[in-house]
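Going by the working numbering, the first residue of the sequence shown is number 302, and it counts up by one from there.
Worksheet: the structure to be examined is printed underneath.
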Amino acid sequence: MARKTDQQIIHSVRINNKKCIGCVRCMRDCPTKAIRVRTGKAVINYERCIDCGECLRVCPYDAVIPMTTSSADLDKFKYKVALPSPVVYSQFGQQVFPDEILSVIKELGFDYVYDEALMCEMISMTIEEYLDETKSPRPVISSTCPVVVRLIQRLFPSLCDLVIPIEPPREAAAKNLRQEIAEKNKILEDDIGIFHITPCAAKMISINYPESMKRSHLDGAISIHEIYNRVMIKLKKERRPSWLYKHHPISGIGVAWTVSGGEIKAFKNFPSVSVSGVYDTIRILEDVESGKLKDIEYLECLICPDGCIGGPLTVENRFVARSTVNRLIRIYGDKRMVDMRRVQKMYRQKFFSFESSLKPKPFAGLATDRIKAIELLKVKKEMLKRLPAIDCGACGAPDCETHATDIARGDGRLEDCVFVKKEVHNE
């Protein structure tokens, strides 16, 4: 079966035309220039969309809709598992602990809830094993953030081989849980629904269209924003003494993954760098492409500012959330909560490994035919000479160069530029 193109793929964001007023905020902030404003409404070119969620983050009118799983989809499965991101621990204040949050989430209609922080710790060990025994080119780049993976495939395709071929914690945890629960409860694996409770919508596209496996081990992603009110109400109205909640072994090492620098926090012997935010990520990947970071062993990149606590589907202010995470790290410490020998055995069995290598998917040029592309490039340069180079965005494109590209492709008109239109009118 032919692989779907980006236009056919159901992406993680949509525009609500009833709310959109064409203010161009999303168009200006889109890092891949995937948004235009046409007839007063934002339009996403999904061929260029990497699902970073910047449009969702900056829209002041709530006109960008995240396409996550509805809680109603849980009913499709006999056995329902919640796999919350450790980010959820940062959302309810410093006096609410993970045991309470996990117990309340289970009461929302799940049969089982798993602390993903434990798998984060296991993946930390796995990464160290990989770095220790693999002499591949450096730096090795984290595969945790699905947007970073898509960004590399499209803007930095030459770096695909640097992405560590280890599945992120959410996928590894879901894979392990499905096997263990099916065996323990004597049920079919397909009867088990495993849902990630996520701080960002990008997890949804990595579930529906995984890049390194045939099929995701997750069945959906529910936003933290969606469950927040129900969890908060239960915590306020039905809160019990902490000792009455089921005890879950919480990994301080895993909880640290929620903030920028947390993934590399546990590394002892490997020079590492962490970066967060879409534009800083692009800048450091440009440096990697230029060969400037060869002395660095591992590069942690997270698209959301300050890491996953800055995800667009969170509720708590990210600075307050970071304070809560830091407190949890102090409480739970850096004591290992998982068996190193078990992790090493699973690593040797390739339990955590990609099923298939990451493929470059660079953005399309002006044309596939070389001669045609040269002709269109000439048109683009000619149009660029006639445009004012002030990048005002009034034409509905983010800048003059992009508008010139649109004209060359037949997706825009020179007279869409208000300055050109004024000149023509004055003549």
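Even glycine gets a Cβ: it sits at the ideal position worked out from N, Cα and C.
Query raised in the report: According to the neighbour-count rule (16 or more other Cβ atoms, all chains shown, within 10 Å of its Cβ), is G410 buried or exposed?
Result: exposed
Query raised in the report: Is it buried or exposed for L519, if we count other Cβ within 10 angstroms and need 16 for buried?
Result: buried
Report task. Starting from the C-beta of D700, find all residues in its chain whose C-beta is less than 6 Å away, skip the five residues before and the five after it, and write them out in chain order. Result -> D692
Requested in this report: Within its chain, find whatever has a CB closer than 6 Å to the CB of A557; leave out the 5 residues flanking it on each side and keep chain order.
Outcome: G563, K566, I630
Requested in this report: Return the CA-CA distance between I322 and I525, expressed in angstroms with no decimal places.
Outcome: 27 Å
**Report entry** Beta-carbon spacing of N486, Y380 below 8 Å
**Finding:** yes
Report task. From the DSSP output, in three-state form, read off A668 for me. Result -> coil
Query raised in the report: For R358, which of A503, K377, P399 has the nearest alpha-carbon?
Result: A503
Requested in this report: Give a yes or no on whether the minimum CB-CB distance between G608 and chain C is below 8 Å.
Outcome: Going by chain labels, chain C is absent from the structure shown, which holds only one protein chain.
Query raised in the report: How about L432 and Y599: are their beta carbons less than 8 Å apart?
Result: yes
Query raised in the report: Is the Cβ-Cβ distance between V414 and T559 less than 8 Å?
Result: no
Query raised in the report: Could you check where the alpha helix (DSSP H) with Y529 kicks off and where it finishes?
Result: 525-538
Requested in this report: Go ahead and label D635 buried or exposed: buried means 16 or more other beta carbons lie within 10 angstroms of its beta carbon, across all protein chains shown.
Outcome: exposed
Query - DSSP-derived helix/strand/coil call for G521 - result: strand
Query raised in the report: Quick one: what's got a C-beta closer than 7 Å to S591's C-beta in the same chain, skipping five residues either side?
Result: none
Requested in this report: Quick one: give me the first and last residue of the alpha helix (DSSP H) that N494 is part of.
Outcome: It should be pointed out that residue 494 corresponds to Gly in this sequence rather than to Asn. Element bounds for G494: not the alpha helix (DSSP H) but the beta strand (DSSP E), 493-499.
Query - Boundaries (first-last residue) of the alpha helix (DSSP H) holding L603 - result: Per DSSP, L603 belongs to no alpha helix (DSSP H); it is in the beta strand (DSSP E), 599-603.
Report task. Check the C-beta distance from T333 over to I311 and give it rounded, since I have them as a contact under 8 Å. Result -> Not a contact, Cβ separation roughly 18 Å.
Report task. Compare the beta carbon distance of L659 and Q454 with 8 Å and say whether it is the shorter of the two. Result -> yes
Query raised in the report: Would the beta-carbon of L375 fall within 8 Å of that of F496?
Result: yes
Report task. With a 10 Å radius around its C-beta and 16 neighbouring C-beta atoms as the bar for buried, classify N509 as buried or exposed. Result -> buried
Requested in this report: Measure from the alpha carbon of A475 to the alpha carbon of each residue in R531, F653, E429, then state which is nearest.
Outcome: F653
Report task. Pull up the distance between the alpha-carbon of N570 and that of E430, whole angstroms please. Result -> 11 Å
Requested in this report: Can you tell me which of F568, C696, R637, E676 puts its alpha carbon nearest to the alpha carbon of I428?
Outcome: F568
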